[in-house]
Amino acid sequence: MKNQNFYMRVISVLLVIMAVLFYNSSMKAEENEKEIAALTDKVDTLQNQQSELLSALETIYTSRVQNQTASAADTAADSDTTDSASADNSEADDNTTDDTSADSDYVYKDGTYTGEAEGYGGTIQVEVTLAGDEITSINVVSAPGEDSAYLSQAESVINSVISAQSTDVDTVSGATFSSTGILNAVDEALGKAENE
Numbered sequence: 014m015k016n017q018n019f020y021m022r023v024i025s026v027l028l029v030i031m032a033v034l035f036y037n038s039s040m041k042a043e044e045n046e047k048e049i050a051a052l053t054d055k056v057d058t059l060q061n062q063q064s065e066l067l068s069a070l071e072t073i074y075t076s077r078v079q080n081q082t083a084s085a086a087d088t089a090a091d092s093d094t095t096d097s098a099s100a101d102n103s104e105a106d107d108n109t110t111d112d113t114s115a116d117s118d119y120v121y122k123d124g125t126y127t128g129e130a131e132g133y134g135g136t137i138q139v140e141v142t143l144a145g146d147e148i149t150s151i152n153v154v155s156a157p158g159e160d161s162a163y164l165s166q167a168e169s170v171i172n173s174v175i176s177a178q179s180t181d182v183d184t185v186s187g188a189t190f191s192s193t194g195i196l197n198a199v200d201e202a203l204g205k206a207e208n209e
């Protein structure tokens, strides 16, 4: 009888231990499923954000290419108009010199022009100084919403623009939005400086 009670207790203890182990393993499996579902949601969200960023960058790039193409076409049309006007003027009066033809040979008027565009943290304002159809300096005059670390990184794009004499340069890795804002602001300033 004593042995039978002992065996019954041992069996009862083993059944309790098995029940606890089964309960723990089912709880862990449920927690793992919840974590997997949460991680899957995060991955989906990140993929959506990545798609939106890529689409925005493609839009910006396409817009910049179209602006540059339109600017080149306008410049070519203005050049043709200026050339034919100069030819007409020279035929009409060989003794008259046209001082404005020297200025109209340039794509841009000399001077300092401002431009604004959206950066990472808000509006970035730049001043672009032009002389003899060359960009001589670019200064960021206002960027109140920008993080100073990103902005100082992004400002390195200015040297690339001055070296290339074009805004068709690579953005700064790690400060993409801020450097894109600077490039777009320079584009706007150059648009204001164009000879008509």
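Just so you know, we're using the numbering used here here: the sequence shown kicks off at 14 and counts up by one. Here a beta-carbon is modelled for each residue, glycine too, at the ideal position from N, C-alpha and C.
Quick one, which of the options has its alpha-carbon nearest residue i's?
| i | options | result |
| --- | --- | --- |
| GLY158 | GLU147, ALA51, ILE137, SER150 | ILE137 |
| TYR163 | THR189, SER179, MET40 | THR189 |
| ASP200 | ASP123, ALA90, SER76 | SER76 |
| LYS118 | GLY134, ALA130, GLU147, GLU131 | For clarity, residue 118 is Asp in the given sequence; the question names Lys instead. Per the Cα distances, GLU147. |
| ILE151 | GLY132, GLU131, SER173 | SER173 |
| GLU207 | LEU66, GLY124, THR72, GLU46 | GLY124 |
| GLU131 | ASP183, ALA69, LEU143, ALA86 | ALA69 |
Give me, in chain order, the residues of the same chain whose beta-carbon lies closer than 8 Å to that of residue i; leave out the 5 immediate sequence neighbours on both sides.
| i | result |
| --- | --- |
| LYS205 | TYR126, THR127, GLY128 |
| GLN166 | VAL185, GLY187, ALA188, SER191, SER192 |
| GLY135 | ALA156, PRO157, GLY158, GLU159 |
| ASP112 | In this prediction, ASP112 scores a pLDDT of 43, lower than 50, which makes its location untrustworthy; the coordinate-derived value is nonetheless stated afterwards. The answer is none, since no qualifying residue turns up. |
Quick check on DSSP: helix, strand or coil for residue i?
| i | result |
| --- | --- |
| GLU65 | helix |
| GLU209 | coil |
| TYR219 | Absent from the structure is residue 219, since the part of the chain shown begins at 14 and ends at 209. |
| TYR119 | coil |
| GLY124 | strand |
| GLU129 | strand |
Whose C-beta lies closer than 7 Å to the C-beta of residue i among residues of the same chain, with five residues either side of it excluded?
| i | result |
| --- | --- |
| THR88 | VAL120 |
| THR110 | Note that THR110 scores a pLDDT of 41, beneath 50, so its modelled location is shaky; the value from the coordinates is reported in the next line. Nothing meets the Cβ criterion. |
| ILE24 | none |
| ASN80 | ASP200 |
Am I right that residue i and residue j are in contact with their C-beta atoms under 8 Å? What's the rounded C-beta distance?
| i | j | result |
| --- | --- | --- |
| VAL154 | ALA202 | Not really, about 11 Å apart at Cβ, beyond 8 Å. |
| ILE171 | ILE195 | 7 Å |
| ALA198 | VAL139 | 4 Å |
Runs of 4 residues minimum, wholly inside the stretch 132-195: which ones carry the alpha helix (DSSP H) assignment?
161-167, 169-177
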